[in-house]
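To convert, take the position in the sequence shown, counting from 1, and add 1377; that gives this note's numbering.
We put the CB at the ideal spot given by N, CA and C, even for glycine.
Since this is a predicted model, take the numbers as computed values, not measurements.
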Amino acid sequence: MYKSMLDSNKIKEAYNEIKSKPGNMTPGIDGSTLDGFSNKHIDSIIKKLKSHEFKFKPSKRIYILKANGKKRPLGIPTPSDKIVQKVMKNILEKIWEPKFLNSSHGYRPNKSCYTALKEVWSWKNTTWMIEGDITGFFDNIDHGRLYELLKMEIKDKAFLDLIAKVMKAGYIETKSTKKELMVPDSGIAQGGLLSPLLSNIYLHELDKFMETICKEYSKNFESVRSKEYQLVGNVVRTAHRRYKKSYNLTKLNPKNTIETKLLKKALLIAIKQREKVSASSITGSKVNYVRYADDFLIGIIGSKSIAIEIKEKVQNFLKNHLKLDLNMDKTKITNVTKNFVRFLGYDISATTRKFYSTLRVKSKIGTRARVGWGNIHLYMPVTDVIKSLRDKGFVHKEKTQGIYKGQFIPLDEFSIVRIYKSVLMGILNYYILANNSYKFETIRYLLTFSAAHTIAAKRRSSLRKVFKKYGKHMRIKLNDKMSVDLAYNPIMARKLSAPTDPYQVIKFHTNSKFIGDEPCYNCGSTENVEAHHVKKLSNLNPKLSATDALMAKMKRKQIALCVKCHNLVHSGKYDGVRLS
């Protein structure tokens, strides 16, 4: 495993995979980025790996806000550390991915929060759910226990020692004036490319334990159509057949109207009787389990006592085998037929007979209640979504109404509406599985008025004039071919509410060749060539950087320049014409 890391092609492949991803151009503790990466850097990494002298530098620790107002620490490695960690991750994934269970959905290829929610969607007739949350998971991963788990599958000591170096690299607080190196005895820094995979390897033991729990408590489970429901169903079908026959005769003989009305009344009575009878007869118990990162959900078809037993067993297993603690404030046992369970930003509940008695459809015989008790429904927490919009300044702090965003006023009107469109579609895409898709109209209404207020403030005009010019959906045309608005098709939203992953897009084949292997754009030299690139063209600043000016003129996000020509460009002697 360690020798395979000495292949320059694997390092180039790792560079190509991470170069354009958000956050990977953020400078590490040494201030360097991936810009300017070359074959010389690759040779230096391989040389240090060969002599076992490669050391991971401390991560630069920053903090980002969480949904609950607290801050989550993130560690940003240096560029060379990112590439080496990516190579290690690619090697480890080939070993561990076949071993991971289907119940694990976080930080895995072809898995997402949508696949986890689809799994929960299939838990029909679930009565109790356990919301699992581990206290400070990433900060409390035991290094010794993780090393033991890795050692069970990996026999290459050099590779294991390299993983140990990752765990012991530590971090430096950027906010601290002293900037001391902190090397904790436990925990893995979030933000590293290897951290998500190591966390999955650690919690794979919990997945295996829960697999045995599910088998243990899922004995003698059977769900069949109840005999009582079948008998009442036969009565309904017979009454419906008689009513239909009488209804057809009424068209020929109006004198038969009284008899038809009596048969209709008998049919409605039979339908109401069927509503009071359970459609299925469930025997035994069943347990389901799904995990996304350190959040997991356990669904139980059975009594509350089973849920209490499982919760205690999971708590003891985490404490004794993985040296982790359950967050007892967030780990709750909930009856999903009465209350909501929060998982991955969705509110989850199970439908009941009482719920379906309020859902009625029109038919020739009057109103009929739908059946389908015990189905799992996913809901968008509208109050929380509005709160997040309020925190970001789109909605008034005290009133539920859109307000202007001052930071958008310098932009042109087309760009303003396009930003609001991205916010709207981001919410719609994430909650596309929600059963209450009609609530999207509330979010669209708030964002539309916020956009209108922003444009009105920019033009120093009234809200009425803005809507008169652009319409209720704020449709703005840039040219004959390009326009943007804040409308969405609710019919399409309902169609997309089927369990599909909206982020599952076609992977286009791109040029995977390392740009540092290409000849210099200016002189054609193949020596000392560096790869210069940015995340997107809008990040280019021609006024501050001559290289950016060259890339902006070419309309390219990356360019190969040798060191000599790179210095020539920055000296101001380059006139924009190739020398070769």
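{"Asked": "Beta-carbon proximity of Pro-1456 to Leu-1411, cut-off 8 Å", "Found": "yes"}
{"Asked": "Beta-carbon contacts of Leu-1527 that lie in its chain and below 8 Å, excluding the five residues immediately before and after", "Found": "Leu-1537, Ile-1540, Ile-1578"}
{"Asked": "Extent of the continuous alpha helix (DSSP H) to which Asp-1458 belongs", "Found": "1456-1473"}
{"Asked": "First and last residue of the uninterrupted beta strand (DSSP E) at Ile-1936", "Found": "1935-1939"}
{"Asked": "Proximity to Ala-1829 [Cα-Cα], best of Leu-1863, Leu-1810, Phe-1817", "Found": "Leu-1863"}
{"Asked": "Neighbour-count burial assignment, Asn-1697, 16 or more Cβ in a 10 Å radius", "Found": "exposed"}
{"Asked": "Ala-1727 - containing alpha helix (DSSP H), residue span", "Found": "Segment 1723-1727 is the beta strand (DSSP E) holding Ala-1727; no alpha helix (DSSP H) there."}
{"Asked": "Minimum C-alpha distance to Met-1378 - residue among Ile-1468, Lys-1501, Lys-1488", "Found": "Ile-1468"}
{"Asked": "Run of the alpha helix (DSSP H) containing Asn-1693, from where it starts to where it stops", "Found": "1681-1698"}
{"Asked": "CA-to-CA distance, Pro-1896 to Ile-1820, given in whole angstroms", "Found": "51 Å"}
{"Asked": "Identity of the residue in Asn-1665, Lys-1707, Thr-1711 nearest Ile-1685 by Cα", "Found": "Thr-1711"}
{"Asked": "Coarse secondary structure for Asn-1386, derived from DSSP in three states", "Found": "helix"}
{"Asked": "Inter-stretch contact at 8 Å, needing at least 3 Cβ pairs: the region 1618-1636 / the region 1579-1593", "Found": "no"}
{"Asked": "Rounded C-alpha distance that separates Lys-1653 from Thr-1728", "Found": "15 Å"}
{"Asked": "Alpha-carbon to alpha-carbon, Val-1613 and Asn-1633", "Found": "21 Å"}
{"Asked": "Own chain partners of Leu-1626 with C-beta closer than 6 Å, once the 5 adjacent residues on each side are dropped", "Found": "Asn-1633"}
{"Asked": "Supposed contact pair Lys-1389 and Pro-1891 - C-beta distance, whole angstroms, cut 8 Å", "Found": "Reading off the sequence shown, one finds Phe at residue 1891, where the question assumed Pro. So it is a contact: roughly 4 Å between Cβ atoms."}
{"Asked": "Local conformation of Glu-1907 per DSSP, three classes", "Found": "strand"}
{"Asked": "Sequence-distant residues of the same chain with beta carbon closer than 8 Å to Ala-1811, five excluded per side", "Found": "Tyr-1723, Leu-1755, Tyr-1756, Met-1757, Ser-1874"}
{"Asked": "Residue burial classification, Lys-1776 (beta-carbon count within 10 angstroms, cutoff 16)", "Found": "exposed"}
{"Asked": "DSSP three-state assignment for Trp-1500, whether helix, strand or coil", "Found": "coil"}
{"Asked": "For Met-1967, the residue or residues it bridges with in DSSP", "Found": "The requested residue 1967 is not part of the displayed model; the chain covers only 1378 to 1957."}
{"Asked": "Where Val-1543 sits in the DSSP three-state scheme", "Found": "helix"}
{"Asked": "Cβ distance (whole Å) where Met-1594 is taken to contact Ile-1507 below 8 Å", "Found": "The identity of residue 1594 in the sequence shown is Tyr, whereas the question assumes Met. The Cβ separation is near 12 Å, so there is no contact."}
{"Asked": "Delimiting residues of the alpha helix (DSSP H) encompassing Asn-1416", "Found": "1416-1427"}
{"Asked": "Check whether Thr-1825 and Gly-1783 have beta carbons under 8 Å apart", "Found": "no"}
{"Asked": "Residues near Pro-1435 in its chain [Cβ-Cβ closer than 7 Å; skip 5 each side]", "Found": "Ile-1406, Ala-1546, Gly-1547, Tyr-1548, Ile-1549, Leu-1558"}
{"Asked": "Identity of the residues DSSP links to Lys-1776 by a beta bridge", "Found": "Beta-bridge pairing links Lys-1776 to no other residue."}
{"Asked": "Limits of the unbroken beta strand (DSSP E) element including Leu-1442", "Found": "1436-1442"}
{"Asked": "Neighbourhood of Ala-1535 by C-beta distance below 6 Å, restricted to the same chain and skipping five residues each side", "Found": "Tyr-1379"}
{"Asked": "Delimiting residues of the alpha helix (DSSP H) encompassing Lys-1797", "Found": "With the sequence shown as reference, residue 1797 is identified as Tyr, and Lys is not the correct amino acid for it. It spans 1790-1807 - the alpha helix (DSSP H) in which Tyr-1797 sits, taken as one unbroken run."}
{"Asked": "Simplified DSSP state of Phe-1717, which is helix, strand or coil", "Found": "coil"}
{"Asked": "Cβ neighbours of Val-1800 in the same chain (closer than 7 Å, five flanking residues each side left out)", "Found": "Leu-1824"}
{"Asked": "Touching by the beta-carbon criterion (3+ pairs, under 8 Å), the region 1932-1944 and the region 1898-1912", "Found": "yes"}
{"Asked": "Assigned secondary structure, Lys-1854 (DSSP; H/G/I helix, E/B strand, else coil)", "Found": "strand"}
{"Asked": "Sequence-distant residues of its chain with Cβ nearer than 7 Å to Ser-1623 (five each side left out)", "Found": "Asn-1633, Glu-1636, Thr-1637, Leu-1640"}
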